[in-house]
Amino acid sequence: MLKMKNYDVEPLVHGFPVSDPQISPDGSKILFVRSIVKMEEDGYESHIWVISADGGAPRQFTFCDGNDTAPVWSHDGETIYFTSTRAHGGEGKRPRIWAMPAGGGEARCLFETESVVSGLKLSPDGIRFLFLSRIEEESETPEEKVEDVMWITKLRYRMDGTGYYPYTRSHLFTVNADGGEPQQLTSGPYDVSSADWSPDGGEIAYVANMEDGDYTRIRDIFIIQSEGGSPRKLTDGRTMIRSVAWSPDGELLAYTGRISVDPEHPMYGSTDIWVMPPGGGEARNLTSAFDRTVGAYGSSVFWGDNGQIYFRAPSHGAYHLYRVSVDKGAVEPVIEGKRTLASFSIGSDSSRIAFAATDATWPQEVWVHDAGGSRRLTSLNSEVMEAWKISEPEEFWFTASDGVEVQGWIVKPWGYEEGKRYPMILEIHGGPHGVYGFKLGTAEHEFQLLARNGYVVVYTNPRDSVGYGEEFAGIAEGSWGGRDFRDLMQAVDHVLKTYAFIDEERLGVAGGSFGGFMTNWTVGHTDRFRAAVTMRSVCNWYSQVGTSDVSWGHTGVGAGDEPWEIPERYLELSPITYVDKINTPLLIIHSEYDFRCPLSEGEQLYYAMKRQKKETEFIRFANNSHGLGRTGKPSLRTERLRHIVRWFDRYLK
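Per this note's numbering, the very first residue in the sequence shown carries number 30; after that it's consecutive.
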């Protein structure tokens, strides 16, 4: 009978234990969301807390049997709006919008919608909200629905972590801030992805492609009257726009985006900040000389009151806050340091900024930045950290074979002893346009767990990683498994040469998503590793492109061509092609509801390995998505980590 040693993986940390800081209009208080793992209930709990921007003890603001998130201040600071899953009116738990006096009291349900609300923004006069929500689109809905049957007519009909939505589209709504029935402003077979009020509240700018959004990544800005009507198109149909924000004086719109030669198959390029008049005219790129990507993963930009735009961007394993002058186009850092700034909000006079940040040795907390500099306000992870001994990562750089400097980190085992040699595990990040660095979240928890069990852990940012410039992040496009793979192997060469305590005969490799693909690729191209763990991976690009929720227009291997156009190229860059060369014992971990890297990718790899009677096991997690390791049930996240340690212990100890 198969047995599992009861590996201790606690404390299991929430991915974002403290998040979404929202500073009050006068800059005196900060709302934020605190999330905790509830091991006994096998779930999570999130509530809104508040703290003075001058410091002091934080206090819990909302209490309920459910999760409270996404706080919004009223303009006068007297009311707090938020989303909550608490039950209401005899009906069960589901997301609804609530209001509560800032001084405390009873929460009042304002409204609910058919699906989750996102992008909630209060109008300048404080009378209405605008928001995005999914609603059924009649033109894509069967006249007669049949239970358990989906009649699908659009290209994108599901999303990992969200599920299937064959008949719905994301559209723009407004609703009275005192509650009532929402008014739908946009409709049709397209999706709205971002929106913002004009300063006078008379118009709303939003981002969409109303003609061909399923087949191209081009998005445009449209402007519609806040009471409804026919929208007018502002931009020229050449840019992949992500978000839009109206300037406080109403004279300009700022948006994040980039222009691609082939919008259906866009190769990697940095996202920039552009501005243009709402009445039309030429758009100006403010950040063309700033060799970093703006608004990574769709994060928005924010206007200050001083003609400057604030934004996040990655740099050398950190995420910093920057601002750019609209007049001069000059970018300057606002908040730097060896940490990851995750989200922020700005006071009405731009003198104070609230932000959430983490570094390599402490999970995310609330910080404030003002004329006195940056300082941490909360220490809500203290209890967790008392029980969680950290082996502090050591940063290193090495020169790759083409002369480019590549950054990495090494974590020593707990109880490290001078003169002793230890097994090492190379961890590979996802994306591929992601980044490891100065943070302590769920991935780093995995690293620390391995360190606690006697392993050296190495992680690095090879080519494809963001934060090192556009060329660095884009050079491997169309040839994944080339320059990026060489960077990873040269990182291993570097640490073996530099750190004598690593036993080169006991090396392991692991990764998830793109890191899973690269793990599969690695063991098919070298026998230097004695064990491997591949998670939510890709093994066959030909099948993955047609079954993933986001892979249409793939460029990482096809460089603009579809699988049926260049099948040999897709197979050449697929790990399944080299499975006969895999001699490394391989543990395959996959979730059954993974729409990003579908379950069939893990199944194909397992079949190919098992058919050849190679050392492999397949761990399948039911009812979980691509984000299992971050957002899955605590019991299943624990089980996943135990299997990882078990596998490496079996082959490396």
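The beta-carbon is built from N, C-alpha and C at its ideal position, and this holds for glycine as well.
If you're wondering where the values come from, they're calculated on a predicted model, not measured in any experiment.
If I follow the unbroken alpha helix (DSSP H) through residue i, where does it start and stop?
i       : result
Asp-513 : 512–527
Trp-570 : 570–576
Thr-548 : 543–552
Phe-476 : 471–481
Let me check one thing: in DSSP terms, what residues is residue i bridge-paired to?
i       : result
Tyr-451 : Ile-531
Ile-80  : Ile-59
Glu-361 : Arg-352
Val-66  : Tyr-73
Leu-151 : Phe-158
Val-101 : Tyr-110
Met-305 : Leu-282
Glu-166 : DSSP output for Glu-166 lists no bridge partner at all.
Arg-88  : Val-79
Met-30  : Answer is none; Met-30 lacks a bridge partner.
Ala-312 : According to DSSP, Ala-312 bridges with nothing at all.
Leu-536 : Met-453
Arg-321 : None, per the DSSP bridge assignment.
What residue does the beta strand (DSSP E) around residue i start on, and which one ends it?
i       : result
Glu-500 : Element bounds for Glu-500: not the beta strand (DSSP E) but the alpha helix (DSSP H), 499–503.
Met-564 : 560–564
Leu-201 : 197–205
Arg-341 : 337–344
Glu-232 : 232–237
Gly-286 : 282–288
Val-485 : 485–489
Val-178 : From DSSP, Val-178 is part of no beta strand (DSSP E); its letter is neither H nor E.
Ala-385 : 382–388
Trp-509 : Element bounds for Trp-509: n/a, residue is neither H nor E.
Arg-271 : 268–275
Ser-227 : Taken as a continuous stretch (DSSP letters only), Ser-227 belongs to no beta strand (DSSP E), as it is neither H nor E.
Leu-370 : 369–375
Val-47  : 47–52
Phe-251 : 249–254
Which word fits residue i, buried or exposed, when buried means at least 16 other C-beta atoms lie within 10 angstroms of its C-beta?
i       : result
Phe-543 : buried
Lys-58  : buried
Ile-156 : exposed
Gly-258 : exposed
Thr-191 : exposed
Gln-337 : buried
Glu-441 : The sequence as given places Lys at residue 441; Glu does not occur at that position. Lys-441 is buried by the Cβ-count criterion.
Met-179 : exposed
Gly-346 : buried
Asp-688 : Any property of residue 688 remains undetermined from this structure, which presents the chain solely from 30 to 682.
Ser-620 : buried
Leu-616 : buried
Gln-641 : exposed
Ser-494 : buried
Pro-130 : exposed
Val-175 : exposed
Gly-134 : exposed
Ile-181 : exposed
Val-290 : exposed
Met-30  : exposed
Met-33  : exposed
Met-547 : buried
Does the stretch 159–175 come close enough to the stretch 132–141 that 3 or more CB-CB pairs lie under 8 Å? Fewer than three Cβ pairs drawn from the stretch 132–141 and the stretch 159–175 lie within less than 8 Å of each other, which leaves the two stretches out of contact.
At what residue ranges does the stretch 649–680 contain a whole run of the alpha helix (DSSP H), taking only runs of 4 or more? The alpha helix (DSSP H) runs lying completely inside the stretch 649–680 and spanning 4 residues or more are 657–660, given in chain order.
For the stretch 393–464, list the alpha helix (DSSP H) runs that are entirely contained and at least 4 residues long, ordered along the chain. Runs of the alpha helix (DSSP H) inside the stretch 393–464: 411–415.
Runs of alpha helix (DSSP H) lying entirely within the stretch 579–655, each at least 4 residues, in chain order: Considered as a whole, the stretch 579–655 harbours 596–601, 628–640 as its complete alpha helix (DSSP H) runs of no fewer than 4 residues, in chain order.
Using a Cβ distance threshold of 8 Å, determine whether the stretch 608–615 contacts the stretch 633–648, with at least three qualifying pairs required. Because the criterion of three Cβ pairs below 8 Å is met, the stretch 608–615 and the stretch 633–648 touch.
Quick check for students: name the residue ranges of the beta strand (DSSP E) that lie wholly in the stretch 116–144, counting only runs of 3 or more. Qualifying beta strand (DSSP E) stretches, in chain order: 125–130, 137–140.
Are three or more beta carbon pairs between the stretch 281–290 and the stretch 261–272 nearer than 8 Å? Result yes; three or more Cβ-Cβ pairs closer than 8 Å.
Answer yes if the stretch 566–574 comes into contact with the stretch 622–634, meaning at least three C-beta pairs across the two stretches below 8 Å, and no otherwise. The answer is yes - the stretch 566–574 touches the stretch 622–634, with three or more Cβ pairs under 8 Å.
Contact between the stretch 93–106 and the stretch 61–78 is defined here as three or more beta-carbon pairs at a separation below 8 Å; is this criterion met? Flag = yes, the stretch 93–106 and the stretch 61–78 touch.
Three or more C-beta pairs under 8 Å: does that hold for the stretch 376–383 against the stretch 436–452? Counting C-beta pairs closer than 8 Å gives fewer than three between the stretch 376–383 and the stretch 436–452, which falls short of the contact rule.
On the three-pair Cβ rule with 8 Å, is the stretch 517–525 touching the stretch 427–444? Result yes; three or more Cβ-Cβ pairs closer than 8 Å.
Inter-stretch contact at 8 Å, needing at least 3 Cβ pairs: the stretch 503–518 / the stretch 475–485: No, because fewer than three Cβ pairs between the stretch 503–518 and the stretch 475–485 fall closer than 8 Å, the two stretches do not touch.
Does the contact criterion of 3 or more C-beta pairs under 8 Å hold for the stretch 522–530 versus the stretch 496–503? The stretch 522–530, when compared against the stretch 496–503, does not touch it at the 8 Å Cβ threshold.
Specify whether the stretch 457–473 and the stretch 395–404 touch according to this definition: at least 3 beta carbon pairs, one from each stretch, less than 8 Å apart. The stretch 457–473, when compared against the stretch 395–404, does not touch it at the 8 Å Cβ threshold.
Counting beta carbon pairs with one atom in the stretch 463–475 and one in the stretch 387–399, are three or more of them shorter than 8 Å? Counting Cβ pairs under 8 Å, three or more are found: they touch.
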